[in-house]
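First the structure, in the form of structure tokens, and then the observations on it.
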Amino acid sequence: MFTALKLKKIRVKEQRKLDKKNLALYKNITSHMKESNLTSDEKEEVLQQIMDMMLQAQKEDKSIDLFIGDDYEVFCNSIIEEFNNSKNVVYKILNYIQKYLIETVLILIVMVLGTFIKNSSFPTSITVDQFILASAISIAIIPFSKNKEMQSVLIPVSEKINFSFRKVKNQNASFIVLMVILISRFGLMEFFAPEFLNFNLIFSIIALGALLIIATIEIYKKAYNKV
1 MFTALKLKKI RVKEQRKLDK KNLALYKNIT SHMKESNLTS DEKEEVLQQI
51 MDMMLQAQKE DKSIDLFIGD DYEVFCNSII EEFNNSKNVV YKILNYIQKY
101 LIETVLILIV MVLGTFIKNS SFPTSITVDQ FILASAISIA IIPFSKNKEM
151 QSVLIPVSEK INFSFRKVKN QNASFIVLMV ILISRFGLME FFAPEFLNFN
201 LIFSIIALGA LLIIATIEIY KKAYNKV
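Residue numbers (our numbering): 1 to 227.
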């Protein structure tokens with residue numbers, strides 16, 4: 001996060017050196033990259049590299065088209081694709097877990113605030129049933145948030161089929177996990193231990209534990225991206 005902010009500060013300062021034509025192109029590239037599913041650090045690193053390349057081309061009085069091509073969107077999408085393909089399975093799984101935990105904690109906070117508004121007292125615990133429900137909602141939200149990111153990026157026709165297959169695959173995986181959670185909840189409620197769903201979990205411990213895992217994953221991702 002701090003790396004991204006530092007790079008952004010440098011980028012905003014450096015882009016003033018671009019001429020009017022290159023600045024307009026760079027702003028389009030920036031908007032395009034911002035809508036991608038790359039991390040904040042990755043986006044800023046890519047934008048900084050593109051900035052350096054454009055400034056060098058401008059200094060040598062060369063057309064930026066020699067480096068970017070006729071379509072900046074194709075150029076950007078190739079970079080996004082390269083970054084995504086370079087990430088290993090462990091990275092992708094941990095990234096998914098991180099997103100799941102962030103969504104779940106936010107949903108639980110909304111639930112706790114709802115209880116506070118309703119009862120005029122701040123609850124210190126949540127039930128297992130609430131946690132399962134928050135998890136189910138989180139898992140249902142994640143693939144749709146990814147799709148929204150990708151739909152906001154204009155993808156060339158030649159690449160749309162590949163993105164569609166990956167999108168369906170991600171949705172199917174999330175759907176399977178979601179169904180497992182809901183079936184498990186139904187099984188506990190109807191056949192095994194319905195009282196287990198009403199078991200109280202200390203909210204502060206759940207939230208702090210989730211934040212610790214999120215931070216640990218973020219540290220791993222930072223270290224991985226530096227390799």
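Positions of the beta carbon are idealized from the N, C-alpha and C atoms, including for glycine.
Sort the options by Cα distance to residue i and report the nearest one.
i	options	result
Ile-214	Leu-197, Leu-55 and Tyr-96	Tyr-96
Leu-101	Val-89, Cys-76, Thr-127 and Phe-131	Phe-131
Phe-75	Asn-28, Ile-142 and Ile-126	Asn-28
Glu-73	Thr-30, Leu-38 and Gln-56	Thr-30
Ile-126	Glu-195, Ser-138, Gln-98 and Val-112	Val-112
Ile-68	Asn-88, Ile-219 and Asn-22	Asn-22
Ser-86	Leu-208, Leu-38, Lys-34 and Ser-138	Leu-38
Ile-139	Val-128, Lys-99 and Pro-123	Lys-99
Val-128	Leu-201, Ile-93 and Val-110	Leu-201
Glu-45	Arg-11, Tyr-26 and Leu-211	Arg-11
Tyr-220	Ala-207, Ile-93 and Ile-183	Ile-93
Here's the rule I'm using: 16 or more other beta-carbon atoms within 10 Å means buried, otherwise exposed. How should residue i be labelled?
i	result
Phe-136	For the sequence presented, residue 136 should be read as Ala rather than Phe. Buried.
Met-53	exposed
Phe-203	buried
Ser-120	exposed
Glu-195	exposed
Asp-19	exposed
Ile-50	buried
Asn-88	exposed
Ile-142	buried
Identify whether residue i lies in helix, strand or coil by the three-state DSSP scheme.
i	result
Ser-31	helix
Thr-39	coil
Ser-78	helix
Asn-200	strand
Thr-124	coil
Asn-88	coil
Lys-20	helix
Gly-209	helix
Gly-114	helix
Say whether chain C places a C-beta atom closer than 8 Å to the C-beta of residue i.
i	result
Tyr-72	Of the protein chains in the structure, only one exists, and it is not chain C.
Compute the beta-carbon to beta-carbon distance between residue i and residue j, rounded to the nearest angstrom, for a pair I have assumed lies under 8 Å.
i	j	result
Val-26	Tyr-224	According to the sequence as given, residue 26 is Tyr; it is not Val. Not quite, the Cβ-Cβ distance comes to about 28 Å (not below 8 Å), so this is no contact.
Leu-7	Gln-56	Their Cβ separation, rounded to whole angstroms, is 18 Å, which puts Leu-7 and Gln-56 out of contact at 8 Å.
Could you check whether the Cβ of residue i sits closer than 7 Å to any heavy atom belonging to the ligand ATP?
i	result
Asn-198	The model depicted lacks the ligand ATP and carries no ligand whatsoever.
Discussion item. Whether or not the segment 99-107 and the segment 60-71 are in contact is what I'm after, with contact meaning three or more pairs of Cβ atoms, one per stretch, closer than 8 Å; do they touch?
Written reply: The answer is no - the segment 99-107 does not touch the segment 60-71, with fewer than three Cβ pairs under 8 Å.
Worksheet item: At a cut of 8 Å, does the segment 109-119 reach the segment 77-96 through at least three beta carbon pairs?
Response: Result no; under three Cβ-Cβ pairs closer than 8 Å.
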